[in-house]
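Since the structure comes first, as structure tokens, the remarks are kept for the end.
Numbering (the numbering used here), first residue to last: 1345 to 1668.
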């Protein structure tokens, strides 16, 4: 018969006690989470305004106690991160907590709560010790946040000051540029360039109009030649050839003169000369028109108009002679 006596040392007994404590805490927390889940379900079903009465009548819970149980469920037991409370990561963090410790930890946000449990021996703390440690951790966090906000505010003020300095410098540079004679020179050159561009545009328009006029005259000559062909056909061959040669010669001369005039107009390098030429053409046309009027009025009117035109021409000639 084996009479071996197994000695139970204090360490063995302590290990057994701690195992029971751990199992009990786990069970209590697990059941608290389940009660919280049921309370959340019941609150949805109880008519509005009757929740406190229902708790006292059916569960002997105060509203505060029920709220803590429901928060334990929502914070620790819901499918946060797609894992239940007793999945490995949550069991490792919170499995040794009792219900009071779990409630005390609710003062921390979830991310800070997990970090706090990793850095501190929470299961070994009393509730008062845990609350004090949480308060200290929150104060450190608040101080860090305030320091970070202060640094950000200081940087923002520095940025605003730098932006103001740059704006002031830009304004001073702009004022200095306004007083710079070189800038005025550039502005004058821009105005002159604009004026030259307007002159060139006028010359281009005048050239286009003159080109159209010359084209119409050339077309008229070609039509005149074409219409003369039947008449030429009725005379002798020699006379026909002589007339055709004369018409061709005349037409060629006129077309050459028109082409030369057009080429000269297109090749004008000075826009002011081109502008002057356009005005001169207008004057010649006006003079021709006035001559036509003078030749077709009564003699007494003709004499008056002739003297008036003569005075204008004489005045212009004298003015040009004075400019020389």
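We put the beta carbon where it would ideally sit given N, CA and C, even for glycine.
Whole-angstrom distance between residue j and residue i, CA atom to CA atom
i            : j            : result
residue 1519 : residue 1513 : 10 angstroms
residue 1456 : residue 1494 : 22 angstroms
residue 1403 : residue 1354 : 41 angstroms
residue 1483 : residue 1489 : 10 angstroms
residue 1629 : residue 1652 : 17 angstroms
residue 1632 : residue 1626 : 10 angstroms
residue 1663 : residue 1656 : 11 angstroms
residue 1469 : residue 1365 : 14 angstroms
residue 1661 : residue 1634 : 18 angstroms
residue 1409 : residue 1363 : 28 angstroms
residue 1407 : residue 1390 : 14 angstroms
residue 1458 : residue 1382 : 25 angstroms
residue 1562 : residue 1555 : 11 angstroms
residue 1666 : residue 1543 : 28 angstroms
residue 1371 : residue 1498 : 52 angstroms
residue 1564 : residue 1552 : 18 angstroms
residue 1361 : residue 1401 : 37 angstroms
residue 1431 : residue 1373 : Only weak support exists for where residue 1431 lies, its pLDDT of 46 falling under 50; the value from the coordinates is given anyway. Residue 1431 and residue 1373: Cα-Cα distance of roughly 14 angstroms.
residue 1507 : residue 1533 : 35 angstroms
residue 1575 : residue 1582 : The predicted model places residue 1575 with a pLDDT of 49, which falls under 50 and marks its position as unreliable, so this point remains unresolved.
residue 1501 : residue 1462 : 39 angstroms
Helix, strand or coil at residue i according to DSSP, with G and I counted as helix
i            : result
residue 1354 : helix
residue 1469 : coil
residue 1398 : helix
residue 1410 : helix
residue 1393 : coil
residue 1563 : helix
residue 1403 : coil
residue 1378 : helix
residue 1440 : coil
residue 1633 : helix
residue 1372 : helix
residue 1529 : helix
residue 1464 : coil
residue 1452 : coil
residue 1658 : helix
residue 1362 : helix
residue 1640 : coil
residue 1653 : helix
Rounded Cβ spacing between residue i and residue j (contact assumed at less than 8 angstroms)
i            : j            : result
residue 1638 : residue 1649 : 5 angstroms
residue 1380 : residue 1405 : With 8 angstroms as the limit, residue 1380 and residue 1405 do not qualify as a contact, their Cβ atoms being about 11 angstroms apart.
residue 1453 : residue 1419 : Incorrect: roughly 10 angstroms between the Cβ atoms, too far for contact.
residue 1369 : residue 1464 : Actually they do not touch by this definition, with Cβ atoms about 17 angstroms apart.
residue 1377 : residue 1421 : 4 angstroms
residue 1285 : residue 1481 : Nothing can be reported for residue 1285, as the shown portion of the chain is limited to 1345 through 1668.
residue 1467 : residue 1440 : 4 angstroms
residue 1550 : residue 1622 : 4 angstroms
**Q.** Given 8 angstroms, three or more beta-carbon pairs between the stretch 1466-1475 and the stretch 1448-1457
**A.** A contact exists between the stretch 1466-1475 and the stretch 1448-1457.
Q) Hey, is the stretch 1383-1397 in contact with the stretch 1349-1359, meaning 3+ C-beta pairs nearer than 8 angstroms? A) no
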